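Worksheet: the structure to be examined is printed underneath.
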Amino acid sequence: MKHLVIGCLMLGLVAAGCQKAEQQPPSTAAFPPLSSYDEQARALLEQMTLEEKIGQMIQAEQAFLQDPYDIQTYHLGSILSGGNSDPADGNSLEAWTEVYDSLQAIALRTRLGIPLLYGIDAVHGHSNVEGAVVFPHHIGLGATRDPDLVERVYRITAIEMRATGIHWNFAPCIAVARDERWGRTYESFSEDPELVATLGAAAVRGLQNGGLNNPLAVLATAKHFAGDGGTAFGTGGPQGALLDQGDVRLDEATFRRIHVRPYIDAIQAGVGSIMVSYSSWNGVKMTGHKYMLTDVLKGELGFEGIVISDYNAIDQVHPDYKTAIEIAINAGIDMAMVPTRYREFFQLLKELVEEGRVPMERIDDAVLRILRVKFAMGLMDGPEHVFADRSLWAKFGSAEHRAVAREAVRKSLVLLKNENQTLPLAKDLGRIHVAGLHADNLGYQAGGWTIDWQGGSGDITEGTTILEAIRKAVAPGTEVTYSEDGSGAAGADVAIAVIGERPYAEFLGDRSDLSLDPDDVAVVRRLKEAGVPVVVILISGRPMIINDVLEMADAFIAAWLPGSEGDGVADVLFGDYAPTGKLPFSWPRSMDQIPINVGDEDYDPLFPFGYGLTY
Ligand code: GLC
Numbered sequence: 001m002k003h004l005v006i007g008c009l010m011l012g013l014v015a016a017g018c019q020k021a022e023q024q025p026p027s028t029a030a031f032p033p034l035s036s037y038d039e040q041a042r043a044l045l046e047q048m049t050l051e052e053k054i055g056q057m058i059q060a061e062q063a064f065l066q067d068p069y070d071i072q073t074y075h076l077g078s079i080l081s082g083g084n085s086d087p088a089d090g091n092s093l094e095a096w097t098e099v100y101d102s103l104q105a106i107a108l109r110t111r112l113g114i115p116l117l118y119g120i121d122a123v124h125g126h127s128n129v130e131g132a133v134v135f136p137h138h139i140g141l142g143a144t145r146d147p148d149l150v151e152r153v154y155r156i157t158a159i160e161m162r163a164t165g166i167h168w169n170f171a172p173c174i175a176v177a178r179d180e181r182w183g184r185t186y187e188s189f190s191e192d193p194e195l196v197a198t199l200g201a202a203a204v205r206g207l208q209n210g211g212l213n214n215p216l217a218v219l220a221t222a223k224h225f226a227g228d229g230g231t232a233f234g235t236g237g238p239q240g241a242l243l244d245q246g247d248v249r250l251d252e253a254t255f256r257r258i259h260v261r262p263y264i265d266a267i268q269a270g271v272g273s274i275m276v277s278y279s280s281w282n283g284v285k286m287t288g289h290k291y292m293l294t295d296v297l298k299g300e301l302g303f304e305g306i307v308i309s310d311y312n313a314i315d316q317v318h319p320d321y322k323t324a325i326e327i328a329i330n331a332g333i334d335m336a337m338v339p340t341r342y343r344e345f346f347q348l349l350k351e352l353v354e355e356g357r358v359p360m361e362r363i364d365d366a367v368l369r370i371l372r373v374k375f376a377m378g379l380m381d382g383p384e385h386v387f388a389d390r391s392l393w394a395k396f397g398s399a400e401h402r403a404v405a406r407e408a409v410r411k412s413l414v415l416l417k418n419e420n421q422t423l424p425l426a427k428d429l430g431r432i433h434v435a436g437l438h439a440d441n442l443g444y445q446a447g448g449w450t451i452d453w454q455g456g457s458g459d460i461t462e463g464t465t466i467l468e469a470i471r472k473a474v475a476p477g478t479e480v481t482y483s484e485d486g487s488g489a490a491g492a493d494v495a496i497a498v499i500g501e502r503p504y505a506e507f508l509g510d511r512s513d514l515s516l517d518p519d520d521v522a523v524v525r526r527l528k529e530a531g532v533p534v535v536v537i538l539i540s541g542r543p544m545i546i547n548d549v550l551e552m553a554d555a556f557i558a559a560w561l562p563g564s565e566g567d568g569v570a571d572v573l574f575g576d577y578a579p580t581g582k583l584p585f586s587w588p589r590s591m592d593q594i595p596i597n598v599g600d601e602d603y604d605p606l607f608p609f610g611y612g613l614t615y
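Numbering follows this note's numbering, in which position 296 of the sequence shown is assigned residue number 296; successive positions increment by one, without gaps.
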């Protein structure tokens, strides 16, 4: 019966989806407000002991569960898999689904049988899991300027997540990155808050797909509230970061206009959870910021869902952990992401309530919000709504999904230079010479948050490299040769250098210098010296300092971090589709100009916000 229901729903959704894509712009929030579930949530809340309430507020890390039955002992409300947290049995769709179902089975055998919320960072597809479709990172989606496409990308991401059972996505990141030296710039749609607001809301609609009770929808998380992308250079948090987790130094009006702005659209789109930023605002940690979390976010902006802390972020609020917990929970944190020390957290919060340092009303507000979401998602409607729907495995990594990712890649490419109509290339040239470390490396073209937190190199998952895509696209008689270092180009009709950044994530991507790698410059120079037209494709998580390479190039494409579908690059190289991407970030002439953002006085970038050529 369940499959029949899913089938009918799928047909309905597909029909609705097709119709929507053709006839009308994406809808705004179509779901009932979360507070409409309060009657059911309060009825359950009243049955709960203090221990059960506190347990609901704790999210532990799957890989660091000291005992899976801690879910019962500590009444855990949620589990996450962080960037490196894979199933013990490997990284397959099957292994992930087994882990999800086994942990839910334990939760269902607690006294009240309240299911877990299971969270993961599916920030560009369900990219922890081998074989998932890997979409362009947000900076590339920002270049598309296409909310409908973003909604479709995230609707597919939700389906591939549900294939493993996992139903809480710590996405979309709606950071407004204002200094590209920040390692998380590629997780931001743009430096422009209005563009971020539009695309962030589209992502929420895609993930929550017509309603949280839709078996193909997942809970979205707007993150990181607020100002994650606005920190001052040199104020970075722990691990010696330059910007990440640092301090935002802005007056309130500017802080709201730039960094709070996208949350208004996300809340209007019905986002069910919001993750709090590690960063500070004028010296006060957001995780302990009662004015911003309670007065502004929950009060003024009317957010009715779950406010979750970031990974061990509570530890940073105060040197004494118990005091840190007191400050964070009283500030308005509802769900604590406590990956390892969840047993200690449980005990300390219990003491804080018993000592009157955290009022029961605050605990009840937090648990009410968590239960609202669980009722809205249908998790309380019986086990068939909790366990994974394996019929969705057929759609996981499907050709249909990859086609949308390929479209996203095409639309994300920004053509910065095209002398003498070098592009598009003919498909029947005699010889095309391809060069550079990034030409045949799926891990490099996907970037961070892919299979592992920091990403990887080589064939880390399924997909098509740019070199493979070029080889597939050309006519049978055309020779495609390759060298990493650029040697062997002489005599070719054209040379293509694919160069750029190697994968990174979070603070490990903070850089004080965004110059290209000297080896990359040498590759382009070798091609130039071979006396052939040179096309440069830059794989990067942000604008870089490219002046000398730009000078040598006849054509230059910013490809960002395209993900698994390299065919989208070939589609534009050979003119099957013209480039339409527009810069979502200002492109600096030199490091001295950074930070540089549209709207600055004496704004004089190498390429302005919104720049992009076409054929
Ligand atoms: C990380 C990131 C956050 C992510 C969370 C769980 O530190 O800041 O974006 O969702 O931890 O992996």
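For every residue, glycine included, the Cβ atom is placed at its ideal position computed from N, Cα and C. None of the values given here were measured: they were computed from a predicted structure.
Uninterrupted alpha helix (DSSP H) stretches inside the region 198-251 (no shorter than 4 residues): none
Using a threshold of 8 Å, state whether the C-beta atoms of H224 and A175 are closer than that. For H224 and A175, yes; Cβs fall inside 8 Å.
Is the closest heavy atom of the ligand GLC to the C-beta of Y311 under 7 Å? yes
Could you pull out every residue in the same chain whose Cβ sits closer than 8 Å to the Cβ of T151, ignoring the five residues on either side in sequence? Residue identity check: residue 151 is Glu in the sequence provided, not Thr. Closer than 8 Å at Cβ, skipping near neighbours: P26, A202, A203, R205, G206.
Given 7 Å as the limit, tell me if L508 has its C-beta closer than that to any heavy atom belonging to the ligand GLC. no
Identify the continuous beta strand (DSSP E) that holds K395 and give its terminal residues. Counting along the chain, K395 falls outside any beta strand (DSSP E), and DSSP gives it neither H nor E.
With 16 as the cutoff for other CB atoms within 10 Å, does Y603 come out buried or exposed? The residue in question, Y603, is exposed, as its Cβ has fewer than 16 Cβ neighbours within 10 Å.
Could you spell out where the beta strand (DSSP E) holding E479 opens and where it closes? 479-483
CB contact check: Q56 to chain B, cutoff 8 Å: As a matter of chain content, chain B is missing from the structure shown, which is built from one protein chain.
Output needed for E22: all residues of its chain with C-beta closer than 8 Å, excluding positions within five of it in sequence on either side, in chain order. At E22 the pLDDT is 39, less than 50, meaning the model places this residue with poor confidence and gives no usable figure here.
Contained alpha helix (DSSP H) runs [length at least 4] in the region 379-454, N- to C-terminal order: 399-412, 442-446
Measuring alpha carbon to alpha carbon, tell me which of I327, E304, M335, L301 ends up nearest D310. M335
Express the C-alpha separation of V358 and D442 in angstroms, rounding to a whole number. One detail in the question is off: residue 442 reads as Leu in this sequence, not Asp. The alpha-carbon atoms of L442 and V358 are separated by roughly 49 Å.
Quick one: what's got a C-beta closer than 6 Å to T144's C-beta in the same chain, skipping five residues either side? K411, S412
Would you call N418 buried or exposed, if buried means 16 or more other Cβ atoms sit within 10 Å of its Cβ? buried
Between which two residues does the beta strand (DSSP E) holding L538 run? 534-539
Between D101, F346, P533, which has its C-alpha nearest A388's C-alpha? Closest by alpha carbon: D101.
Excluding the five sequence neighbours on either side, which residues of its own chain have a C-beta within less than 6 Å of the C-beta of A107, listed in chain order? The answer, listed in chain order, is I71, P115, L116.
L50, buried or exposed, once every other Cβ within 10 Å from all chains shown has been counted against 16: exposed
With respect to 7 Å, is the separation between the Cβ of F225 and the closest non-hydrogen atom of the ligand GLC below this value? Flag unset: Cβ of F225 not near the ligand GLC.
Does the region 121-133 come close enough to the region 153-166 to have 3 or more Cβ pairs within less than 8 Å? Verdict: yes, contact present.
Is the beta carbon of F170 within less than 7 Å of some heavy atom of the ligand GLC? yes
Tell me whether the beta-carbon of Y444 lies closer than 8 Å to the beta-carbon of G183. No, Cβ-Cβ distance for Y444 and G183 is not below 8 Å.
If you count every other CB in all the chains shown that lies within 10 Å of the CB of A408, and 16 or more means buried, which is it? buried
Between which residues of its own chain and R406 is the CB-CB distance below 8 Å, once the five residues before and five after are set aside? E565, D567, G568, D571
Let me confirm a value: E400 is counted as buried when at least 16 other C-beta atoms fall within 10 Å, else exposed. Which label applies? exposed
According to DSSP, is V598 helix, strand or coil? coil
Kindly indicate which three-state DSSP category G610 falls into: helix, strand or coil? Secondary structure at G610: coil, using DSSP grouped into helix, strand and coil.
Are the beta-carbon atoms belonging to S92 and E61 less than 8 Å from one another? no
Which whole-angstrom value describes the C-beta separation of I460 and A439, a residue pair presumed to lie in contact below a C-beta threshold of 8 Å? About 16 Å separates the CB atoms of I460 and A439; that is not less than 8 Å, and the two are not in contact.
Could you spell out where the beta strand (DSSP E) holding Q59 opens and where it closes? 58-61
Do the region 446-459 and the region 490-503 meet, that is, are 3 or more Cβ pairs less than 8 Å apart? yes
For the putative contact between M552 and R525, defined by C-beta atoms under 8 Å, what is the C-beta separation to the nearest angstrom? 6 Å
Let me check you understand the geometry: is the CB of L80 closer than 7 Å to at least one non-hydrogen atom of the ligand GLC? yes
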